[in-house]
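Protein sequence lines correspond, in order, to chains A and B. Each residue of the first sequence is one higher than the one before, starting from 776 at the first, in our numbering. Each residue of the second sequence is one higher than the one before, starting from 302 at the first, in our numbering.
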Amino acid sequence: MTMNQARFGLLGIFVVCLLVQLIAFFAVGHKMWPEDLQSLVLKILAIYSVHLTVILGGIFAQPKGPLEDPPASLAWTAITLALLWNVLLIGRSIFFSMATQDSVPELIKYLEGVSSSSSFLVTGALAFFFTKGTDIAKSHVGNSSAEDKKTTFHRI
Amino acid sequence: MRDPSPGHRQTDIAIPTATTRVIIESAIKVFIAKNSPAYLVSYTYDFDTLPKIYIRGLGVVPAKGSYQHLSSEQELEFRDPTTDAVLERVPLQETAVVAAKPPLNEVPTENQFPPGYRSYTWELPTSLQERANTVLAKYFNYLPRESNKLTYLATTYTQLPLNKKLTNSGVQAQLALLLSFPHDLATDKYSFHVQYSAKEGRALSDELRPTNNGEILGAANDFVDKIIAEMKAGR
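Structural data, given as structure tokens:
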């Protein structure tokens with residue numbers, strides 16, 4: 776798996792899971808007070824904003840040139856951990872949207888608690904794939920301009 | 302709504318209080334508002350030498366009977382309505398302790414009920430309190446109180462049955478009643494007033510709000526009619 780495949784894979788997981796939860800909340804929006812829907816949407820956006828900031832920041836700040844591919848096992852581990860973190864959130868959100876009776880404050884409490892206490896699952900992987908791991912492939916660095924080297928140095 | 306402590310473990314700590322004429326079957330501590338403790342008390346009494354007796358809070362009732370209601374007093378007081386002599390004073394002591402925090406049986410205060418009321422005539426030989434106790438107990442707990450020669454029975458909130466269209470769209474409602482009597486007192490009949498407080502909620506939200514929803518108010522009127530019909534039917 777190339778670095779870009781891994782990075783866009785991680786981006787896809789986070790974006791899709793965020794969208795699924797937003798759609799789920801809006802689909803049952805009539806079963807809660809408008810203020811509760813607003814709180815829920817703001818909460819889920821706040822939770823995902825941390826990780827999506829790192830991901831999008833890493834992508835947009837990507838230096839020129841091909842990136843060094845990560846070890847395959849590392850990429851798959853990162854994707855699995857990202858899926859696990861998202862499943863913990865999306866699972867509860869889907870149950871909430873299908874429930875005949877539930878509580879928005881309880882869901883918000885769950886999302887807050889679980890997202891922060893399980894963030895260790897994704898923090899390391901995102902740091903590697905979107906900051907540390909953005910080294911330009913050595914073969915390319917060898918032929919690259921001084922500007923490219925400078926960029927790589929600063930990224931590290 | 303009847304179960305005062307769903308999901309709470311209880312521990313028996315006392316033998317029910319008993320005198321010769323009054324037996325307290327149970328007295329369980331509950332809250333009727335935040336920081337307002339009360340007892341949910343269930344008792345039977347028998348003063349067979351008298352035709353009627355007076356129970357503080359409930360008013361004049363038959364000399365023999367049984368009631369279950371909320372009480373914010375520390376004792377039950379029974380009097381002879383003709384001489385006003387105290388027949389019995391029974392202190393309320395918990396017969397069971399709720400292991401967790403006592404449950405909330407919210408009873409709205411009288412000014413939380415909208416002033417509009419529906420008036421009904423009571424001309425049955427049976428006591429209104431007795432019938433109200435039997436019928437209300439199916440749906441609510443209630444707190445009796447007397448003021449200005451009127452007896453008020455304020456109930457806790459209970460789930461209001463709504464039509465499928467509303468429930469499918471996640472709308473829920475709760476209803477509490479306030480019965481007051483006797484009004485327009487005549488020799489063999491009087492009228493009683495029923496006020497209600499309806500609250501609207503959502504299936505996925507905790508908060509309940511006062512409502513102006515016509516369908517909910519219609520359902521509330523139907524529910525009140527059903528309760529009054531049951532009281533008058535003597536079933």
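Glycine included, each C-beta is placed from N, C-alpha and C at the ideal position. All of these numbers come straight from a predicted model, not from anything done at the bench.
Return the CA-CA distance between S373 (chain B) and E326 (chain B), expressed in angstroms with no decimal places.
-> 17 Å
Got a sec? Which residues, its chain only, sit under 6 Å from R245 (chain B) by beta carbon, not counting five neighbours each side?
-> The first residue shown for chain B is 302 and the last is 536, placing residue 245 (chain B) beyond what the model contains.
List the residues of chain B whose Cβ lies closer than 8 Å to the Cβ of D877 (chain A), in chain order.
-> In chain order: A504 and L505.
Could you work out which residues of chain B lie near W860 (chain A), taking near to mean beta carbons separated by less than 7 Å?
-> By Cβ distance, chain B contributes nothing, its closest Cβ being about 24 Å from W860 (chain A), past 7 Å.
Quick one: what's Y440 (chain B) bridged to in DSSP?
-> Looking at the DSSP assignment, Y440 (chain B) forms no beta bridge with any residue, so it has no partner.
Could you check what DSSP says for Y458 (chain B) in three-state terms: helix, strand or coil?
-> Coil.
Per the contact definition of three or more C-beta pairs closer than 8 Å, is the stretch 485–494 of chain B in contact with the stretch 418–437 of chain B?
-> yes
Between T383 (chain B) and S470 (chain B), what straight-line distance do the alpha-carbon atoms span, to the nearest angstrom?
-> Going from the Cα of T383 (chain B) to the Cα of S470 (chain B) covers about 56 Å.
Partner residues on chain A for S470 (chain B), Cβ-Cβ distance less than 7 Å = H805
For the stretch 829–850 of chain A, which residues have a beta carbon sitting closer than 8 Å to at least one beta carbon of chain B?
-> none
Any Cβ of chain B within less than 9 Å of the Cβ of A874 (chain A)?
-> Yes, because at least one Cβ of chain B sits closer than 9 Å to the Cβ of A874 (chain A).
For the alpha helix (DSSP H) that A521 (chain B) lies in, which residues bound it at each end?
-> G515 to A534
Going by CA-CA distance only, name the one from A:K818, A:L858 and A:L849 that's closest to I883 (chain A).
-> A:K818
The beta strand (DSSP E) enclosing P579 (chain B), as first and last residue numbers = The question about residue 579 (chain B) has no answer, for chain B in this structure spans 302 to 536.
Residues in the stretch 506–521 of chain B with C-beta within 7 Å of chain A's C-beta atoms, listed in sequence order?
-> S506, D507 and E508
Are the beta-carbon atoms of P392 (chain B) and E376 (chain B) separated by less than 9 Å?
-> Closer than 9 Å, so yes.
Using only alpha-carbon positions, find the residue among A:A902, A:I822 and A:Q876 that is nearest to V803 (chain A).
-> Selected option, being the one with the closest Cα: A:Q876.
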